[in-house]
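In terms of this note's numbering, the sequence shown opens at residue 8 and continues consecutively.
Glycine is no exception: its CB is placed at the ideal position from the N, C-alpha and C atoms.
Some notes on the structure that comes next.
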Amino acid sequence: MSKLRVLIVDDEPLALSFLRSTLIKLDSIDLVAEAKNGREAIAAVAKLQPDLMFLDIQMPGMNGFEVVQALQIQKMPMVVFVTAFDQFAADAFDIHAVDYILKPLDAERVSRSVERALARLAGNSSDVTNVGSVASISERLATDQKQESGRESSDGIKRKLLVRDSGVVKIIPFDDIDWVDAAGDYMCVHANGETHIIRITLGELMEKLDASLFVRIHRSTIVNIERVVSITALPKGGSLLELSEGTTLKVSRNYRESVRNFFQ
């Protein structure tokens with residue numbers, strides 16, 4: 008029996024690694040390529056023409072439905088959608104996806120998806136991806152993502168931050184955030200004793216946060232001003248902030264006036 012040529016597409020390294028390690032153990036699978044975003048996926052399908060594609064739905068840039076919409080129907084592989092959300096399951100089957108599996112992933116569930124794909128291939132199913140219905144689905148997904156990326160209160164200020172952590176999307180109220188610091192291209196969000204790492208610039212994050220609650224105290228640090236319990240002056244113009252959870256943060260001279268204004 009010929010093997011299924013498989014492409015896996017996911018922007019999360021942990022999910023990509025799990026799919027890879029699970030699929031290569033299956034005798035029926037030939038893993039031909041991996042992609043980290045929609046553009047790479049489209050290029051891989053055009054070049055390699057895989058039989059089956061494990062496709063993440065929510066990715067930066069192009070979402071999974073937009074990837075399907077962009078592919079040429081004659082080169083369309085069977086699709087297993089992978090996501091942390093369950094609200095698009097019906098849509099996935101409306102466009103004749105082989106399967107729809109939820110994160111966090113488990114090996115048995117991935118194996119069942121492969122079995123479904125093999126059964127469809129063996130039966131020479133006439134089911135093809137219904138590209139015509141994908142446009143409205145991808146538009147709705149884009150709208151939902153914009154709404155969920157920051158629910159707004161009645162005063163127009165976004166109050167929640169979405170953080171993807173090992174395939175699970177966590178919703179963190181801004182009021183729960185103690186402080187944030189930059190780590191390269193990522194931000195470390197410290198909230199309720201936990202640290203969440205997200206890929207966003209400090210400037211982009213500042214645009215999302217409530218300017219009446221958060222202040223920048225250093226070129227790489229933001230603090231929730233309501234967490235500050237004491238301020239200690241330092242020589243040469245700097246100062247130290249002590250937070251209610253015990254962390255001590257340094258305020259650089261360039262941001263001293265911004266911090267002072269919050270307490271006037």
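Rounded distance between the beta-carbons of residue j and residue i, thought under 8 Å
i	j	result
V266	V222	6 Å
L256	T228	6 Å
I49	L11	Rounded, the Cβ-Cβ distance is 20 Å, inconsistent with contact.
L189	L209	The sequence given here has Ala at residue 189, not Leu. Rounded, the Cβ-Cβ distance is 5 Å, consistent with contact.
L168	K215	7 Å
I179	A198	5 Å
Cβ shell of residue i (< 6 Å), same chain only, five flanking positions each side left out
i	result
I331	No information on residue 331 is available, as it lies outside the stretch 8 to 271 that the chain covers here.
R123	V105, D106
G277	Absent from the model: residue 277. The displayed extent of the chain is 8 to 271, so no value can be given.
D151	Residue placement at D151 cannot be trusted, given a pLDDT of 49 that sits under 50; the coordinates are not used to answer.
L212	M194
Residue i (DSSP reduced to helix, strand or coil)
i	result
S70	According to the sequence shown, residue 70 is Asn rather than Ser. In this structure, N70 counts as coil in the three-state DSSP scheme.
A1	Here the chain covers residues 8 to 271 and nothing more, so residue 1 does not appear.
D183	helix
V235	strand
V266	helix
E249	strand
V117	helix
Close-in-space but distant-in-sequence residues of the same chain around residue i (CB under 7 Å, 5 per side omitted)
i	result
I205	V170, Y193, M194, V196
Residues near residue i by beta carbon distance below 8 Å, same chain, minus five either side
i	result
S118	T29, L33
Q56	R12, K82, P84
I31	L38
* Sufficient close CB pairs (3 or more, under 8 Å) joining the stretch 110-118 to the stretch 14-28 -> yes
* Identify every run of the beta strand (DSSP E) within the stretch 25-90, keeping only runs that are complete inside it and at least 3 residues long; order them along the chain. => 36-42, 59-63, 85-90
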